[in-house]
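Chains as they are written, first to last, in the working numbering: chain A, 1413 to 1568; chain B, 21 to 144; chain C, 247 to 841. We put the beta carbon where it would ideally sit given N, CA and C, even for glycine. On a predicted model such as this, the values are computed, not experimentally measured, just so you know.
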Amino acid sequence: MIQVDQKLMREELISFIEEQKKKKGPLMPVMQKAQELFGALTIDVQELIASELDIPMSDVYGVATFYSQFSLEPKGEHIVSVCMGTACYVKNIEKIMDKLVDVLGVEPGETTPDNKFTLEPTRCLGCCGLAPVIMVDDQVYGRLAPSDVAGIIVGY
Amino acid sequence: MKTLQEIEQIRAKTLKEIDVRSGKQGVRIVVGMATCGIAAGAKPVLAAFEEEIGKRSLSNVTVTQTGCIGVCRLEPMVEITAPGKDKVTYVNMKPDMVKKIVAEHVVNGNLVKEYTIGYFENNN
Amino acid sequence: MDIYRSHVLVCGGTSCNAAGSPKIFEKLNVEIKKAGLEKEVKVVKTGCFGLCEAGPIVIVYPEGSFYSKVADKDVQEIVSEHLKHSRIVDRLLFKDADANIITSLDDIGFYKMQERIALRNCGIIDPEKIDEYIAFDGYKALGQCLTQLKPQQILDVIKDSGLRGRGGGGFPTGLKWQFAKDEDSAQKYVICNADEGDPGAFMDRSVLEGDPHAVLEAMAISGYAIGADMGYIYVRAEYPIAVQRLEIAIEQAKEYGLLGKNIFDTGFDFDLEIRLGAGAFVCGEEMALISSIEGFRGEPKPKPPFPAQKGLFNKPTIINNVETLANIPQIVLNGAEWFSSMGTETSKGTKVFALGGKIVNTGLLEIPMGTTLREIIYDIGGGIPDGKQFKAAQTGGPSGGCIPDEHLDTPIDYDSLLSIGSMMGSGGLIVMDEDNCMVDVARFFLDFTVDESCGKCPPCRIGTKRMLEILERIVAGQGVQGDIEKLERLGKNISISSLCGLGKSAPNPVMSTLKYFRDEYEAHINGKKCPAGHCKALLNYIINDKCIGCGACKQVCPTDAISGDKKEAHLINQNDCIKCGACMDKCKFAAIDKK
């Protein structure tokens, strides 16, 4: 089953690349698509991109490691993003982060052993009015106190 | 879309639709459209205002509706506000009174005394 | 077209979205239908109203009633009371700092002092309807440009207006356009820089979410002015709503023939494409942004050649920030003189600020250049909450500096901010109070820069890292004599020797705090004390004689560091204490001090 999915996803990526090749500067959109399809840019995905776009693998790897949204390893089922923007910093986001580290049992940047959560410090989410803010997948939680954290995580 | 006129047409059309949001500028005609107002016949009054304003294509005049103005026995009621002037309340409105109010009050700025709340209260 | 007697505007900005506005929107529609009012009342989702603190925000017109912090359960009341019976729900109305209830939008202090040009349509129109943008004079400027003006005439208007780039640097926009126009090339490009990376700034997102067509129109105008037929919008992937609204806007504009081939039958072609960022702050720098669109690592290049000469795909290119572009159609419509009548001698027009941190009204505001910080913080922002003392205002994000009380009366413009050691940046304005430690604030920004440095040039890559190490030592209580001088020397050298703006400005947060809050650095280094009571390593939690022995603190202490019998004064064992502060948060008797 998983192998079939892989094959389908590879085919989808290849046809997307064909489409993008007509435009100038296709690498970034292609890599974003690949990350979305596969969840991570593993070495064989990068090799596929390099050969389809006919560019050196080093270029692909260089881009994959430059941008923080590209990941070489798969992430957990849910991404817990902790806003590290100035407004959140001023309103003590560290306390929320400490609590998350405590509740999830992993350090920032790590994934829980059951692959359920990845804890990620992130750049300003732009909801400074709600600081301090965290985001689980696409859902934003604002005006948080450390005591709110456990309840949010339990909901997933 | 090929000309500025076409843009202007959309602008005029849409502006009419959303004018209610432009706030306090210009003349505002507010018709009380709560249950009692409607029961007393406010709907045709509102329609008459819209028609009259549309016919004269008056800019800067908003016809809008509101709920209960508060004095049910005087319904249908209409309130007209203009910049820098006190609000005027017309009462016991009927569609055939609309033309005069638009011509006198809205266009020329003269009160139609005999339709106002004060006149009505003193003479009935 | 239907005429509605009432319009209900629901804020769909990210902040209100996060606070639950999509649910409110949905519920309003359901309840309105239930009440049979769907033909009389229209519910509209708009862009950011700018008063994020009070979200989710709902405004009911024609009254202009401004409801704040609307909850799910309030919706029914708004429908049954306000929409059905025209009784305004006082309980939900926004209250200003003096707790006066305010019924109309225009009467709120927050809005009174504002002058909205870039934000003029935000919170007014439905951003997903091109007709509503057109209703407020949208695409009229483009039409006029194409049918009545020569490219050079447009350039002259923009130059005469005095508009300067709103993204940070403040370069004169008209001049930038002129450079690109003067290049002889068959292919040119325009780029909208929507890679809003400054932490604490969200005006570009709000413009894109609330008024996307203004940006498209301005890009088409700039394309015509410099001779480009292709544009790119480089937008942060972290802004999904903005991206979605842009996609809708582009589609609608194409449908109307306002983008694409032969616009206004003048033979002018212009097409747009959206490119997503991937989380690199340095891509806000124009050369790095160009590299990123081309499909490379987002690394800056030495200038010259400038983008106007050799930019995207080596063709002449202009790059403008979102807010800059949002001003363009208004300048074309109202004239250079109108625009330059606002602002100060060197900085014309208005500026949008994102007000955040320790302030009562967090949110978005647009004010004429030359307004003072004091007016922004106290008159518009409503001052500092909880009776605390103002300490500093941070502008310009990681490239800016901290402004102390003594400079609050400085009229804000590009040059005055530079002269007091900060910069305009993109307009993030974070207010800090007595509880914020200025040394740690500097450390926070350096931490950001070190993380985001692209690594290409050594002064930035290595220099900022060394500065961060020194700062980390100081906040950990291990600062030594000579650290301050070392920071100053490093900062100066990094500023003059880095390749791009990121490195050149990276020392600013340290330099400005050293200038105005040197005593805090000295207290950390010499006295091993944090005057703000923020740096964990330098403070102790101590129970004072107000303790009644309730035991609440003992229960929340994660390390069992608190001992004491019931009804007896408790004691914190300093060796076990991890300084989490849980006891202090829990104590109802103010019996725990942080020293």
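Asked                                                                                                                          : Found
Exposed unless 16 or more other CB atoms sit within 10 angstroms - verdict on Pro551 of chain C                                : exposed
C-alpha distance - Leu339 of chain C paired with Phe312 of chain C, whole-angstrom precision                                   : 6 Å
is_contact[Arg76 of chain B, chain C] using C-beta, thresh 8 Å                                                                 : no
Beta carbon proximity, Gly1567 of chain A to chain C, threshold 8 Å                                                            : no
Opposing strand residues paired with Gln640 of chain C [DSSP bridges]                                                          : C:Cys648 and C:Ile676
contact_flag[the segment 741 to 760 of chain C, the segment 778 to 787 of chain C] where n(CB pairs < 8 Å) is 3 or more        : no
C-beta neighbour in chain C for Lys107 of chain B, strict 8 Å                                                                  : no
Any C-beta of chain B under 8 Å from that of Asp693 of chain C                                                                 : no
Proximity test, Ile479 of chain C beta-carbon vs the ligand FAD heavy atom, cut-off 7 Å                                        : Judged by which ligands are present, the structure shown has none, so any question about the ligand FAD falls away.
Members of the segment 1417 to 1432 of chain A that neighbour chain C once the beta carbon cut-off is set at 9 Å               : none
Proximal residues of chain B, C-beta to C-beta of Phe514 of chain C below 9 Å                                                  : What Phe514 of chain C touches in chain B: nothing, since even the nearest Cβ is about 12 Å away.
Closest by C-alpha distance to Gly667 of chain C, when choosing among C:Asp517, C:Ile380, C:His653 and C:Lys280                : C:His653
Asp718 of chain C versus His770 of chain C: straight-line alpha-carbon distance, rounded                                       : Here the sequence assigns Glu to residue 718 of chain C, which means Asp is not the residue at that position. Their backbone Cα atoms lie some 11 Å apart in a straight line.
Chain C contact residues for Asp1466 of chain A, given Cβ-Cβ distances below 7 Å                                               : In chain order: nothing, as chain C lies at least about 13 Å away.
For Val306 of chain C and Ile270 of chain C, believed in contact at Cβ under 8 Å, the rounded distance                         : Incorrect: roughly 13 Å between the Cβ atoms, too far for contact.
Given Asn367 of chain C as reference, the closest of C:Glu569, C:Ala722 and C:Asn821 once Cα atoms are compared                : C:Glu569
Burial state of Met1469 of chain A, where buried means 16 or more other Cβ atoms lie within 10 Å                               : exposed
Min CB distance Met53 of chain B to chain C below 8 Å                                                                          : yes
Pro562 of chain C versus Gln424 of chain C: straight-line alpha-carbon distance, rounded                                       : 11 Å
Residues within the segment 1430 to 1451 of chain A neighbouring chain C, beta-carbon criterion of under 8 Å                   : Lys1435, Lys1436, Gly1437, Pro1438, Leu1439, Met1440, Pro1441, Met1443 and Gln1444
Within 7 Å of chain C by C-beta, residues of the segment 1474 to 1485 of chain A in sequence order                             : Gly1474, Val1475, Phe1478, Tyr1479, Ser1480, Gln1481 and Phe1482
Closest residue to Cys391 of chain C among C:Gly581, C:Ser332, C:Lys341 and C:Glu540 (Cα-Cα distance)                          : C:Gly581
Cα-Cα separation, Pro799 of chain C to Ile838 of chain C                                                                       : The sequence shown places Cys at residue 799 of chain C, rather than the Pro named in the question. So the alpha carbons of these two residues sit roughly 9 Å apart.
Coil, strand or helix - Asn439 of chain C by DSSP                                                                              : strand
Buried or exposed by the 16-neighbour rule on C-beta atoms within 10 Å, applied to Asp679 of chain C                           : buried
Nonlocal neighbours in the same chain, by C-beta distance under 6 Å from Gly129 of chain B, ignoring five residues either side : none
Chain-ordered chain F contacts of Tyr385 of chain C [CB-CB under 7 Å]                                                          : Included in the structure are the protein chains A, B and C, with no chain F among them.
Within 8 Å of chain C by C-beta, residues of the segment 1535 to 1546 of chain A in sequence order                             : Arg1535, Cys1536, Leu1537, Gly1538, Cys1539, Cys1540, Gly1541, Leu1542, Ala1543 and Val1545
Coil, strand or helix - Asp457 of chain C by DSSP                                                                              : coil
Simplified DSSP state of Ile824 of chain C, which is helix, strand or coil                                                     : coil
Residue from C:Ala466, C:Ser662 and C:Gly603 with nearest C-alpha to Asp632 of chain C                                         : C:Gly603
Any C-beta of chain C under 8 Å from that of Ala1562 of chain A                                                                : no
Local Cβ density within 10 Å of Glu531 of chain C, reported as buried at 16 or more and exposed below that                     : buried
Below-8 Å beta-carbon distance, Ile30 of chain B vs any chain C residue                                                        : yes
Buried/exposed call for Val127 of chain B, threshold 16 Cβ in 10 Å                                                             : exposed
Closer than 9 Å at the beta carbon, the chain C residues around Ala1462 of chain A                                             : In chain order: nothing, as chain C lies at least about 12 Å away.
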